[in-house]
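Numbering (the working numbering), first residue to last: -19 to 383. For glycine and all other residues, C-beta sits at the position ideal for the given N, C-alpha and C.
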Amino acid sequence: MSAIAKDKNSEIFKTGGKYLMPTYSRLPVVFTKAKMQYLWDANGKKYTDFIAGYGCLNVGHSNSQVVSAIKKQIENIIQPSNVYYNVPQVILAEKLCKITGFGSKVFFANSGTEAVEGAVKLARKYSKEKFGQHRYKIISFNKSFHGRTMGALSATAQEQKQKIYQPLLDGFDYADINDIDSVKAKIDGNTCAIILEPIQGEGGINVSDNEFLKNLKALCTENKILLIFDEVQTGFARTGKMFAYNNYGVCPDILVLAKSLGGGMPLGAIVSSDEISSVFTPGSHGSTFGGNAASCAAGIAVIDYIIKNRLSDRAFNMGKYFVSKLSKLKMQNSIIKDIRGMGLMIGMELSKPVAAELVEAALSGGFVINKISPSILRFLPTLVISKRNIDALIKWLALNLKK
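Structure follows, in structure tokens:
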């Protein structure tokens, strides 16, 4: 007990290392409390969060409206089984169809990876039934990230992540983002779908050009290919609009959602049209916990909070402010190569592989930041972040980048 009293972080870290599989490079802090944009570790130290659970907490940590909705729901029923409708599931499905602007049907999963798997199955099943068994090929994009299960990993065009698990699922090919000719070169008579993150998250905060997405949609329409948008990270006001595709005026045929949909609860979703969704007949797909009442109650509260508090506008304005501050910092520090992103999804590329050092040093300064490569920092703060919070981080970066 005395060791715990001295440093609870290190004691929990030691025990976790003993019993948990080492699938993450864990940082030496254990968070035990959170509220909106703030975190507290096991020793009581306070941090400002600029990663929000890898983009899972757009409405903030332990948002009081989300917490209240979850508490109220779990006191009544959590998951009755998916052979029955539950009320929050039905309400949330209707909300998603309305706010997406194109959707008519929803399938609920537990995560983004699981939702991607379902979207792949949906695209293949629809295309095979409509055009024949030869229509199974899916094109994704280099540097993409769609998840870690075998189907989602097959769509993830990152050799380092794929090579140790080969052979992967057959039928995936890879083009280059913002290069429509590279997409055209991959399309053939077997192509059934193209899957794209409008802004690549794990791949480096690579933003799709407006012209590219419009041409991609036209190409899909011309070739009767389904367009799948993976908005697991970009959805729910992150980019300054409810969904990233709203910035482009291009709607997908299938939309994949997760992360902030659940406000911290495990929840993913596939949204599509009546026609495409009709091939998901009883027994063709399912999920034991997908769309459970507790997670869906959280999802309803998340959407209501985003709309009521105009978080899309807030993300746009705060993102603009954040980028302006980072751009000024870039002018003063040659180590910063590029600042890019949309809304409050921002990447800072460095000329040296020091991102990991900065991430760990930031903890000492009371900031939680994230790296997506040795030389790229990613900022995905909660959308309730303030200018004061941003200014404090900029001040810290200004001092530490010089080191």
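For the pair Gly183 and Asn122, the CB atoms are nearer than the 9 Å cut-off. Leu199 sits away from Lys221, with the two beta carbons spaced by 9 Å or more. DSSP places Ala372 inside the alpha helix (DSSP H), whose first and last residues are Lys367 to Leu381.
Ser48 has its alpha-carbon roughly 17 Å from the corresponding atom of Leu247. Using a Cβ distance threshold of 9 Å, Ala372 and Ile250 do not count as a contacting pair. Of Ala217, Ala336, Thr28 and Ile234, the smallest CA-CA separation from Ile205 is found for Ile234. In the structure shown, the three-state DSSP call for Ile352 is strand. Taking the Cβ atoms as the reference, Ile179 lies roughly 22 Å from Thr129, outside the contact range of under 8 Å. Around the CB of Thr136, 16 or more other CB atoms lie within 10 Å, so the residue is classed as buried. Sorting Ser314, Glu329 and Glu255 by C-alpha distance to the C-alpha of Lys383 places Ser314 at the top.
The beta carbon of Phe269 sits closer than 7 Å to those of Gln59 and Asn90, all from its chain and outside the five residues before and after it, given in chain order. Straight across, the Cα-Cα distance linking Ala132 with Ser252 is about 18 Å. When DSSP states are grouped into helix, strand and coil, Val259 belongs to the coil group. By the beta-carbon neighbour count (other beta carbons within 10 angstroms, threshold 16), Ile157 is buried. The region 60 to 79 makes contact with the region 276 to 288; the number of CB pairs closer than 8 Å reaches 3 or more. Counting only residues of its own chain and dropping the five nearest sequence neighbours on each side, Ile356 has a CB closer than 8 Å to the CB of Gly184, Ile185, Gly327, Met328, Glu329, Leu330 and Ala335.
In chain order, Gln213, Lys239, Asn350 and Leu360 place their CB closer than 8 Å to the CB of Tyr34, counting only its own chain and leaving out the 5 sequence neighbours on each side. Secondary-structure assignment with DSSP links Thr268 through no beta bridge to anything. Contact between Phe347 and Phe30 is confirmed by a C-beta separation of about 6 Å, below the 8 Å threshold. The residues Ile160, in chain order, have a CB closer than 8 Å to that of Asn195 in the same chain once the five nearest residues on each side in sequence are set aside. Shortest Cα-Cα distance from Phe(-7) to any of Leu19, Asn23, Ala14 and Gln17 involves Asn23.
The beta carbon of Cys172 sits closer than 7 Å to the beta carbons of Ala103, Arg104, Ser107, Arg115, Tyr116, Lys117, Ile118, Ile205 and Leu206 from its chain, once the five residues preceding and following it are set aside; these are given in chain order. Membership of Leu0 in any alpha helix (DSSP H) is not indicated, and neither H nor E is assigned to it by DSSP. With respect to the C-alpha of Tyr301, the residue from Lys332, Leu363, Tyr65 and Ser61 having the closest C-alpha is Leu363. The alpha-carbon of Arg294 is positioned some 43 Å away from that of Asp168.
Within the region 148 to 202, the complete beta strand (DSSP E) segments of 3 residues or longer fall at 152 to 155 and 171 to 176, listed in chain order.
Under the three-state reduction of DSSP, Thr362 is assigned to coil, being neither helix nor strand. Look at the region 83 to 154 and you find these whole runs of alpha helix (DSSP H), each 4 residues long or longer: 92 to 111, 130 to 135 and 139 to 142.
DSSP lists Phe87 and Val236 as the bridge partner or partners of Ile250. Pairing Pro147 with Leu176, the inter-Cα distance amounts to about 22 Å.
Counted as a single uninterrupted DSSP element, the beta strand (DSSP E) harbouring Tyr18 occupies residues Tyr18 to Asp21. Ser(-10) and Val9 have their C-alpha atoms roughly 8 Å apart.
In the DSSP assignment, Leu207 forms a beta bridge with Ile174.
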